[in-house]
Structure formats: C-alpha cells, structure tokens
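Here's the structure, in structure tokens; my notes come after.
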C-alpha cells in the first residue's frame with residue numbers, strides 16, 4: 001500500500017495514484033475482516049482442546065462464538081462490496097454507480113465491531129471457568145489464564161484503534177484520504193497482538 005500512495009493524503013497523489021490507492025484499500029478489507037474470525041477461531045479451538053469432551057455447555061458456547069463470528073464476518077465482507085453496484089464505484093468516484101447510503105455500511109461495521117468485541121470478552125472470560133479444574137501446577141494455570149485473557153486487555157488498551165477500524169469503511173466513501181490512514185493500525189494490532 002505504501003508504494004502506491006496508501007496512507008498519504010490525496011493532495012500529494014495524482015489521479016492515477018489516488019484511484020490505485022483507493023482500489024487496493026478496498027481490496028485489502030476482506031483479508032483484514034477475515035482476520036477477526038480466524039483469530040477468534042484459533043483461540044476457540046485451543047480452548048476446545050483444553051476442555052476436550054467434558055463441559056458440554058462450554059463447548060456449545062465456544063462453537064457458538066466461532067460460528068457466529070465466522071458467519072457475521074463473511075456477511076460483512078459481502079456487504080463491503082455489495083454496497084455499490086458495480087463494486088468498482090467504491091474506488092472510482094467518476095463511475096456512475098448505485099450505492100447505499102454510507103451510514104448503512106457504518107452501522108454494519110459497528111455491528112461487526114460489537115460482535116467481535118463480545119466474542120473477545122467471552123473467549124477471555126470463559127477460561128476462568130475451566131482452568132482451575134485442569135490438572136496443572138498453579139504457575140501453569142496462572143500463565144494460561146493470563147494468555148487466554150489477553151482479549152480483555154486488548155479491548156481496554158486499544159479502544160481508539162477499534163473506532164478507527166470501524167470508521168474506516170465509512171470514511172473510504174466520505175474521505176478516502178483519511179480512511180487509508182485509519183485502517184492500517186487496527187489491522188496490524190488485530191493481526192499481531194490478538195491472542
């Protein structure tokens with residue numbers, strides 16, 4: 001993105017660079033959104049491995065979180081490009097396309113963010129209900145609780161990045177210059193710092 005003008009203000013880009021940066025900014029959204037589902041799925045699968053075949057209600061909660069987050073994020077990815085017909089109208093302002101009001105995508109993004117936050121909280125708190133019963137030493141139990149509880153820490157420590165991630169899709173339609181700079185920090189945080 002940086003080599004084609006991403007995260008730079010459009011004042012410093014010519015028209016071709018602006019269109020290319022906008023296009024790749026929109027195209028980069030599905031993998032970024034998919035990271036939300038994959039990170040929560042990996043944590044959920046780890047927890048399922050820890051509880052094995054016992055604790056049916058915990059397994060149902062974990063499976064519910066995994067399926068709900070996966071389905072919701074797939075729908076959000078579809079809505080990202082379905083909001084304009086043709087989809088190229090998202091990154092080509094001169095193209096006459098029929099698009100939803102930007103607020104629709106903003107509300108979808110808020111819903112997705114809220115759902116992902118809830119999933120993080122559930123996956124961070126749920127281990128507290130089964131780790132004490134594991135046959136491990138106290139030190140290992142404490143380390144496991146801390147590692148699996150990082151989802152709560154992330155949601156408390158980075159609320160401004162959450163808002164940036166949510167508002168990015170809205171600003172891509174309103175002010176592309178701002179939007180490309182808003183999305184990258186949140187994607188990087190979710191990719192590299194979510195347990």
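Numbering (the UniProt record's numbering), first residue to last: 1 to 195.
Using N, Cα and C, we set each Cβ at its ideal position, and we do this for glycine too.
- Task: Can you tell me which of the three DSSP states residue 98 falls into?
- Result: strand
- How many angstroms separate the CA atom of residue 160 from the CA atom of residue 69? Residue confidence for residue 160 is low, a pLDDT of 47 falling below 50, so the modelled location carries little weight; the figure read from the coordinates is stated next. Using only the alpha carbons, I get a separation of about 22 Å.
- For residue 27, which of 37, 75 and 87 has the nearest alpha-carbon? 87
- Message: I'd like to know if the segment 102-110 and the segment 129-136 are in contact, where contact means that at least 3 CB-CB pairs between them fall below 8 Å.
- Response: no
- Query: According to the neighbour-count rule (16 or more other Cβ atoms, all chains shown, within 10 Å of its Cβ), is residue 72 buried or exposed?
  - Reply: buried
- Query: Tell me which same chain residues have a C-beta within less than 8 Å of the C-beta of residue 96, skipping the five on either side of it?
  - Reply: 89
- Task: Pull up the distance between the alpha-carbon of residue 138 and that of residue 41, whole angstroms please.
- Result: Rounded to the nearest angstrom, the two C-alpha atoms are 27 Å apart.
- Item | residue 64 classed as buried or exposed, judged by whether at least 16 other C-beta atoms fall within 10 angstroms | Residue 64 comes out exposed.
- From residue 102 to residue 43, what distance separates their C-alpha atoms? 33 Å
- Return helix, strand or coil for residue 28, following the three-state DSSP convention. coil
- Message: If distances are taken between C-alpha atoms only, which option among 112, 135, 136 and 144 comes closest to residue 30?
- Response: 112
- Message: Strictly by DSSP, which residues pair up with residue 85?
- Response: 98
- Measure the alpha-carbon distance for residue 162 versus residue 120 and round it to whole angstroms. Only weak support exists for where residue 162 lies, its pLDDT of 48 falling under 50; the coordinates are left without a value.
- Measuring CB to CB, does residue 22 end up less than 8 Å from residue 100? no
- Message: Cutting at 8 Å between CB atoms, please list the residues of its own chain near residue 145, excluding the five before and the five after it.
- Response: Correct list, in chain order: 127, 128 and 131.
- Item | Sequence-distant residues of the same chain with beta carbon closer than 6 Å to residue 81, five excluded per side | Annotation for residue 81: 87 place their beta carbon closer than 6 Å to its own, counting only its chain and skipping 5 residues before and after.
- Item | Minimum length 3: unbroken beta strand (DSSP E) runs contained in the segment 46-83 | Secondary structure within the segment 46-83: not one fully enclosed beta strand (DSSP E) run of 3 or more consecutive residues is present.
- Message: I'd like the list of long-range same chain contacts for residue 58, defined as Cβ closer than 7 Å, with 5 residues on each side in sequence excluded.
- Response: 51, 126, 129 and 130
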